[in-house]
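Below: one structure, written as structure tokens.
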Amino acid sequence: MKYNKKYLFAACAALLLGMQSCDLEEYNPAGSTPDNVYKEQAGFEALVNSAYAFWGGQFYGREDFVLLLNGGGDLWINIANCGYGRQMSKYEELTASVGQIKNTWNRLYEIINNCNAGLERIDQVEFKDKKLRDIRFGELSFMRAYAYWHLVEIYGNVDLRTKETSAESLSMNCYRSSYEDLYDLMLTDAQNAVDNLPVDPYPVKDVGRATSKAAYGLLARIALTRVSYCDSQADKDKYYKIAEDAAQYVIDNQNALKVSLYDTPDEVFDPDNNKTNKEAMFVVTHSTESSLNMQAKNPNRMHMYFHASYSARAGMVQDYEYGNDKNAKSGSMAMMPTRYLLELYNENIDARYNAWFREEYKLNTPKAYAWTKDQLDYFEKPSSMIGQVIQPGETALLFTKKKIADKRNLPYAVVDIDDTYAADGSVSKSANFNIHFPTLLKYEDANFENKGLPTNSQVGANDVITMRLPEMYFIVAECEIMKSGGNKEIAKARINDIRRRAAVPGKEAEMEVGVDKMTIDFILEERAREYCGEFMRWFDLKRTGKLVEYVKAHNPDIPLIQPHHAWRPIPQMFLDSILNPDEFGQNEGYN
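In mature numbering (1 follows the signal peptide of the UniProt record, and there is no 0), the protein residues as written are -24 to -1, 1 to 567.
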């Protein structure tokens, strides 16, 4: 999707950063410039596009959301348990003044304000094609619901705004809205998206626009989350029904919605499938043409954030196949799996592990490598191996979840699970071992080699899948487990649909589970195996009330976790900018 920068600037210039949710006394001495721009179809189209732009430019592809949504839970920890981004990933020194907290708040409200501006003006635009009006209405509704879902789940019951606000404001008072009102708007917007979005993006070439499958998926996700704010079982059942109906519709109408499961886990994140992924229900786009990205020189860095350090070890050099391990080597922005996550997989029957994690590195130089004393010492191998040779294409490194017997005497370097982690699951204190671990492969990017970029380039161009079809199966299963009179046979069937797809060939029967496994804890285990690294875990643990329990049980390197961490603090910048900060209030635990 292209972003017209002239109109995008006009859209963004009209925003009041982080303070859009206020009752404002507006003053506009310059006249209604945005109105003049947006009443033209070209200007309005740019306004709609701007609501999409921030998702890639600021969130899905950048480090803030990796720390906020993959960090802070049970599945990931900072590489070597380092302090980078510790405020979000480990809740250390998490205050209202942390930059990522402020930036996320500001950008989400910018999206909401752009959507409000478009929804207010849409009937003033003279569309050349009448159906385009309804489609853009659906897109703006989708984007507003999507942004509010992130905002409310990260910060709590913020102030609800459905009208555009501008920077020309003289006084402001802000008030918190109820979760009921906030979710009523989200559900209404999601339903409007369902009612108005087409199966194909319009124009068809604009991959990344919300379509019908995304609308149903968002409706299901929002309704399921709404349950966590209900007091009575009757109210919960109401939203379970909405969530299950929407998710089941997608499952039953895959051909019509043009979405389907791949046959094997290997295909899901194959870089060759990235731009036309048939399992994706919604993607945040990044382009190989830098001028089309909001962050022209730095669009998508996800390919760097889950790498183990491998280059300059046992003769290995950084290359296209094994990727950019710069962050891992520098101890900056990189995440490593917890021992708990790795041990959730039985790779003998579950193909997801070997499809989505790399353990083995084969010597990638044209000449053989002869072991040196410093490398042998680094990997605690015997000095008698000095001069022993590894040939090109032979295994040089193995960073594995297994326990390897006699590992120090093998002809290649081995860092096994007991080297990387202590028995209690905490990250090893050994600087030689705690940067070596199985690498998540979901964000591998083939565009570097295709464009001739250096292997240490940060400029990724893959799209980021933020909603995939298996989620619909998990939602149906969760609803059947948790609602009154639910049918666990249905839940079992939906879970086994995904587990059979995940099976090592010939192991499908072993991957199937029985009704006795149909508990919310098993759903969370299965979601971890399927969705690790995909920005969903923090939301899942929060929704199910399991955040503190699971972090305490499975991630000992986050000892500070407390119940109030289910929300992040309201930015101090925002509270300092309103007239009634005491009345609005800081989130509990952050005063």
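Built from N, CA and C at the ideal position, the CB exists for glycine as well.
Item                                                                                                                                                         : Value
Have a look at the DSSP bridge pairing and note the partners of Gly401.                                                                                      : In DSSP, Gly401 forms no bridge with anything.
Tell whether a beta-carbon distance below 7 Å holds between Ala372 and Ile366.                                                                               : yes
Determine whether the beta carbon atoms of Leu127 and Leu195 lie at a separation below 7 Å.                                                                  : no
Do the stretch 315 to 328 and the stretch 282 to 293 make contact, defined as three or more Cβ pairs closer than 8 Å?                                        : no
Using DSSP with H/G/I as helix, E/B as strand and the rest coil, what is Arg513?                                                                             : helix
Among the residues of its own chain, which have a CB less than 7 Å from the CB of Ser154, if the five just before and after it don't count?                  : Asn133
Quick one, are the C-beta atoms of Pro539 and Val524 less than 7 Å apart?                                                                                    : yes
Straight-line CA distance for Asp395 to Asn410?                                                                                                              : 8 Å
Mind reading off the beta-carbon distance from Glu297 to Asn340? Whole number of angstroms is fine, and I expect it under 8 Å.                               : 7 Å
Take the Cβ of Ile362 as the centre, count every other Cβ of all protein chains shown within 10 Å, and call the residue buried at 16 or more, exposed below. : exposed
Decide if Asp326 is buried, meaning its Cβ has at least 16 other Cβ atoms within 10 Å, or exposed.                                                           : buried
For Lys338, which residues does DSSP report across the bridge?                                                                                               : Thr371
Does DSSP put Met361 in a helix, a strand or coil?                                                                                                           : helix
What does the alpha-carbon distance come out to for the pair Gly299 and Met309?                                                                              : 15 Å
Would you identify the three-state DSSP class for Gly32, choosing helix, strand or coil?                                                                     : helix
Determine the direct distance from the alpha carbon of Ile227 to that of Pro10, and round the result to whole angstroms.                                     : 42 Å
Nearest to Leu51 by alpha carbon, out of Gly509, His541, Met549 and Ile546?                                                                                  : Gly509
On a CA-only basis, which of Glu484, Phe35 and Phe450 is nearest Phe259? Give me that one, please.                                                           : First, the residue type needs correcting, since residue 259 is Val and not Phe in the sequence shown. Of the listed residues, the one whose Cα sits closest to Val259 is Phe35.
Less than 7 Å separating the beta-carbons of Asn89 and Ser26?                                                                                                : no
With three or more C-beta pairs closer than 8 Å as the rule, is the stretch 464 to 478 touching the stretch 440 to 456?                                      : yes
From Trp31 to Glu255, what does the alpha carbon distance come to, in whole angstroms?                                                                       : 20 Å
Taking its Cβ as the centre, do 16 or more other Cβ atoms sit within 10 Å of Leu(-1), making it buried, or is it exposed?                                    : Any answer about Leu(-1) is weak, because its pLDDT of 26 lies below 50 and its placement is not dependable; what the coordinates show is given next. Buried.
Are the stretch 66 to 82 and the stretch 540 to 552 touching, with three or more C-beta to C-beta distances below 8 Å?                                       : yes
By how many angstroms is the C-alpha of Ser406 removed from the C-alpha of Met119?                                                                           : 45 Å
Near Met257, what residues of its chain come up, given a Cβ to Cβ distance below 7 Å and the 5 sequence neighbours on each side ignored?                     : Lys189, Ala190, Gly193, Val235, Met443, Arg444 and Leu445
Alpha carbon to alpha carbon, what distance is there between Gly482 and Asp295?                                                                              : 34 Å
When you compare each of Glu335, His412 and Lys212 to Ala304 by their alpha carbons, which one comes out closest?                                            : His412
Decide if Thr187 is buried, meaning its Cβ has at least 16 other Cβ atoms within 10 Å, or exposed.                                                           : buried
Could you check the C-alpha separation between Thr240 and Arg328 for me, to the nearest Å?                                                                   : 9 Å
Could you check the C-alpha separation between Pro387 and Gln167 for me, to the nearest Å?                                                                   : 60 Å
Thinking C-beta only, is Met312 closer than 7 Å to Ile55?                                                                                                    : yes
Tell me the rounded alpha-carbon separation between Pro247 and Glu420.                                                                                       : 6 Å
Between Asn556 and Asn92, how many whole angstroms is the CB-CB distance? I'm expecting something under 8 Å.                                                 : About 22 Å; that fails the 8 Å criterion.
Relative to the C-alpha of His283, which residue among Asp350, Asn385, Asn231 and Tyr337 is closest?                                                         : Tyr337
Return helix, strand or coil for Pro10, following the three-state DSSP convention.                                                                           : helix
Give me the DSSP bridge partner(s) of Val259.                                                                                                                : Ile441
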